[in-house]
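Data first, discussion second: the structure below is written as structure tokens.
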């Protein structure tokens, strides 16, 4: 059985990322030997101080307050991406999980609910930061994942962050680490499986998009029973580690637009960006047409238009008619950068 350390030292993906990092930080030509030495030294550093190799900062939340982001160093990110490659086919992820999965998008998540008139959204509080290394190792044992003691030690030091100043505090997932999405989906596998098995015979559609839980059905009033059920299953699965942010629990129906992970389901059972997002995008295109947009605004607009093309392509066609095909294409293709 290949060990994690051997995988990291021999993976073409890890070598390529290490080469890229070294090339941008050195004026001399980087050799294969340089990459091998760098990986060996970096792994040794991670084993000593991996949980502290993060830049920590805060960003404002939409509804007030601040969110703490722990962003791994460039070297640690290389290791974490290699870790994901190593664990990808070892850790089970449930079909109800729609975030962070290859070839599955936010649109696919919304489409599961598009024909159901009654809708419930619930939110897991402090999702990533609530998942600690002990919970991960418990789940590894529960699912009988074959990892050596050395593998577990390296995962502990490379994938989990210490929010305290010392190296001895509780190690948790960070929002900024590329390894957190896969690990969080794995942690939720049993929960997703339990909720799916309960919802299916009740004709309730259940999906999870990271920390957002979505439920929809054609049966009126049945969703009102779900919140207490979710609380019970969370408590059974995780004790007090994972809880619901009750402020964000919301019920909706076809009488009002249903919103699911940034996508609006209209009364005609189609996917839409929503009126407000369309208004913002249109005004941003107008500003660009006047030559008044800076690079930060244009990068954001490019992302919004790519998202729009995926969710509601007819809106893009309307923008092309309004502002010209050439102008909108220039933004989407990134030609504004030249």
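Residue numbers (the UniProt record's numbering): 1 to 338. Even for Gly, the Cβ is constructed at its ideal location relative to N, Cα and C. Here the structure is a predicted model, which is why all the values come from computation and not from measurement.
Give me the Cβ distance between residue i and residue j, rounded to the nearest whole Å; I'm assuming they're in contact under 8 Å.
i: residue 285; j: residue 114; result: That belief does not hold up - the Cβ atoms of residue 285 and residue 114 are roughly 27 Å apart, past 8 Å.
i: residue 281; j: residue 305; result: 7 Å
i: residue 208; j: residue 97; result: 5 Å
i: residue 244; j: residue 124; result: 7 Å
i: residue 331; j: residue 288; result: 7 Å
Name the two residues that bound the continuous alpha helix (DSSP H) containing residue i.
i: residue 2; result: Neither: residue 2 is in no alpha helix (DSSP H) and is coded neither H nor E.
i: residue 329; result: 325-333
i: residue 35; result: 32-49
i: residue 146; result: Taken as a continuous stretch (DSSP letters only), residue 146 belongs to no alpha helix (DSSP H), as it is neither H nor E.
i: residue 108; result: 106-111
i: residue 185; result: 180-187
i: residue 295; result: 295-311
i: residue 15; result: 12-25
i: residue 238; result: 226-238
Rounded to whole angstroms, what is the Cα-Cα separation between residue i and residue j?
i: residue 291; j: residue 334; result: 15 Å
i: residue 169; j: residue 133; result: 11 Å
i: residue 121; j: residue 318; result: 31 Å
i: residue 311; j: residue 263; result: 8 Å
i: residue 161; j: residue 155; result: 11 Å
i: residue 126; j: residue 212; result: 11 Å
i: residue 214; j: residue 93; result: 17 Å
i: residue 228; j: residue 9; result: 47 Å
i: residue 139; j: residue 3; result: 19 Å
i: residue 206; j: residue 309; result: 26 Å
i: residue 178; j: residue 106; result: 18 Å
i: residue 91; j: residue 108; result: 22 Å
i: residue 87; j: residue 76; result: 16 Å
i: residue 55; j: residue 242; result: 25 Å
i: residue 30; j: residue 324; result: 46 Å
i: residue 267; j: residue 273; result: 13 Å
i: residue 384; j: residue 68; result: A question about residue 384 goes unanswered here, because the residues of the chain that appear run from 1 up to 338.
i: residue 302; j: residue 152; result: 41 Å
i: residue 28; j: residue 248; result: 53 Å
i: residue 198; j: residue 189; result: 14 Å
i: residue 72; j: residue 238; result: 26 Å
i: residue 130; j: residue 53; result: 19 Å
Could you pull the DSSP bridge partners for residue i from this structure?
i: residue 72; result: 54
i: residue 97; result: 208
i: residue 172; result: 132, 161
i: residue 59; result: 67
Taking the continuous beta strand (DSSP E) assigned at residue i, which residues delimit it?
i: residue 217; result: 212-217
i: residue 120; result: 118-123
4-residue-minimum alpha helix (DSSP H) runs that sit fully inside the stretch 241-292, ordered along the chain: 275-289
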